[in-house]
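Working notes, structure below.
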Amino acid sequence: CGGLSGPSWGGNETGHVPCIKVLEPGWNTVRVLGVCAGMGPVLSCPWGICIDTNGSVLVADWGEQHRVLLYPAQGVGWPIVTHGLSSPRGLALLPEGQLAVSDSMHHCVKIFQYTATQGLSESFLC
1 CGGLSGPSWG GNETGHVPCI KVLEPGWNTV RVLGVCAGMG PVLSCPWGIC IDTNGSVLVA
61 DWGEQHRVLL YPAQGVGWPI VTHGLSSPRG LALLPEGQLA VSDSMHHCVK IFQYTATQGL
121 SESFLC
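Each residue of the sequence shown is one higher than the last, beginning at 1 in UniProt numbering.
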């Protein structure tokens, strides 16, 4: 992951803007995701996060739009799942190239086919 330690969640407590901070091994902030629409979707209530092998950060955001977002290591982020979820809370990339999303209000884990360069296919199993 290019020497990065990984993402750190910044909550939406009073006076704080929801964001994901990408840190380097010395705990210095390298990037802040989810606060500027010019760099991708603005976060509402980030919950689950994971990193793919290319260093892209995936975020389960459940506050207003119940979606999964992809922020590539370079460039602008975009939503990769925008429908079919109700309070996504956790994410995991599986060895077979799939993304598991815990859908808390539907009481299941949904499995999507994940492609790092294009996001997800539309089919899923529940």
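We put the CB at the ideal spot given by N, CA and C, even for glycine.
Across which residues does DSSP place Leu-33 in a beta bridge pair?
Translated into the one-based positions of the sequence shown, residue 33 becomes position 33. Partner(s): Ile-20.
If you reduce the DSSP assignment to three classes, tell me which class Gly-48 lands in.
Here residue 48 refers to the residue found at position 48 when the sequence shown is read from its first residue. Gly-48 falls in the strand class under three-state DSSP.
Once DSSP output is grouped into helix, strand and coil, what is the label at Gly-90?
Position 90 of the sequence shown, counted from the start, is the residue given in the question as residue 90. Strand, per DSSP.
How is Gln-65 classed by DSSP in three states: helix, strand or coil?
Residue 65 sits at position 65 when you count from the first residue of the sequence shown. If DSSP states are grouped into helix, strand and coil, Gln-65 belongs with coil.
If I follow the unbroken beta strand (DSSP E) through Gln-113, where does it start and stop?
Here residue 113 refers to the residue found at position 113 of the sequence shown. Residues 108–115.
Take Gly-63 and list the residues in its own chain whose beta-carbon comes closer than 6 angstroms to its own, dropping the five residues that flank it on each side.
In the sequence shown, counting from the first residue as 1, residue 63 sits at position 63. Ser-44 and Cys-45, listed in sequence order.
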